[in-house]
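Chemist: Structure below; questions to follow.
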Amino acid sequence: MDYKAIISKKIYSSKDDIEFSRLLAFWRFKDKKIVFTNGCFDILHRGHFEYLMQAASLGDVLIIGLNTDDSVKRLKGIHRPINNEESRAIALASLFFVHAVVLFSEDTPTELIKIVKPHILVKGGDYKANEIAGYDIVTQNGGKVEIIPFIDGYSSTKIIEQIQH
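Under numbering that gives the first Met the number 0, residue 164 is the last one in the sequence shown; the count climbs by one each step, no gaps.
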């Protein structure tokens, strides 16, 4: 089995990718419940895996919006990301419960969310639902926003700090 090809087919370089548009149309035609989340996912750790598993369990299809290297630098600083966008996308697409990974270069995934129109928008942490980028888009389309609490003790920043010391 050609796993590299299978994984590569789950990665899309932008929200405007025609194959991604076709896949979204197919999932909508099949009446699949689409779950969307986003992030940098720089150094994958147990907190990410737990969060993504919970997100995937909320629907039929899990789409991850992945910040490009340039947007990670703007959000996290010049020393990030540790892993480049291709490596991060491959790692996420390798998870069997992830159906698509879509790169986006903006600081927020708002434009991507407008295209995906997920049934459920998921974020982790201490957000208030109405503060999450895309909240208005999802709720206006009849969807909902779910917040999954972080698991204490797991963060990419903490891992980087441990390595540096």
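We put the CB at the ideal spot given by N, CA and C, even for glycine.
Please state whether DSSP places Thr107 in a helix, a strand or coil.
Modeler: As a first step, residue 107 must be located in the sequence shown, where it is residue number 108. Three-state result, Thr107: coil.
Chemist: What do you get for Tyr2, buried or exposed, if any count of 16 or more other CB atoms within 10 angstroms of its CB means buried?
Modeler: As a first step, residue 2 is located in the sequence shown; it is residue number 3 there, counting from the start. Classification of Tyr2: exposed, given that the 10 Å Cβ count is below 16.
Chemist: Pull up the DSSP beta-bridge partners for Gly64, would you.
Modeler: Translated into positions along the sequence shown, residue 64 becomes position 65. DSSP, once it has assigned bridges, lists Asn37 and Val101 as partnering Gly64.
Chemist: Within 10 angstroms of its Cβ, does Ser70 collect 16 or more other Cβ (buried), or is it exposed?
Modeler: Taking the sequence shown and counting its residues from 1, the one referred to as residue 70 is at position 71. The residue is buried, with at least 16 neighbouring Cβ atoms inside 10 Å.
Chemist: Is the beta carbon of Val101 sitting closer than 9 Å to the one on Leu61?
Modeler: For this step, residue 101 is matched to residue 102 along the sequence shown. For this step, residue 61 is matched to residue 62 along the sequence shown. No; because the gap between Cβ atoms is not below 9 Å, this pair is not in contact.
Chemist: Indicate the three-state DSSP secondary structure (helix, strand or coil) for Lys143 in the structure shown.
Modeler: Within the sequence shown, numbered from 1, the residue matching residue 143 stands at position 144. Reduced to three states, the DSSP call for Lys143 is strand.
Chemist: Hey, would you say Gln53 sits closer than 9 Å to Ile147, going by beta carbons?
Modeler: Reading the sequence shown from its first residue, position 54 is the one you call residue 53. Reading the sequence shown from its first residue, position 148 is the one you call residue 147. Taking 9 Å as the Cβ cut-off, Gln53 and Ile147 qualify as a contacting pair.
Chemist: Could you tell me if Arg87 is buried or exposed, where buried requires 16 or more neighbouring beta carbons within 10 angstroms of its beta carbon?
Modeler: Residue 87 sits at position 88 when you count from the first residue of the sequence shown. Flag for Arg87 reads buried.
Chemist: Measuring straight from C-alpha to C-alpha, what distance separates Arg27 and Glu160?
Modeler: Position 28 of the sequence shown, counted from the start, is the residue given in the question as residue 27. Position 161 of the sequence shown, counted from the start, is the residue given in the question as residue 160. Their Cα atoms are separated by approximately 43 Å.
Chemist: Suppose the cutoff is 8 Å on Cβ atoms and the five residues either side in sequence are ignored; what does the same chain contact list for Lys143 look like?
Modeler: Translated into positions along the sequence shown, residue 143 becomes position 144. The residues are His118, Ile119, Leu120 and Val137.
Chemist: Taking Cβ positions, are Leu65 and Phe40 nearer each other than 9 Å?
Modeler: Locating residue 65 in the sequence shown gives position 66, where the first residue counts as 1. Locating residue 40 in the sequence shown gives position 41, where the first residue counts as 1. Yes.
Chemist: Taking its Cβ as the centre, do 16 or more other Cβ atoms sit within 10 Å of Lys122, making it buried, or is it exposed?
Modeler: Position 123 of the sequence shown, counting from 1, holds the residue named residue 122. So Lys122 ends up on the buried side.
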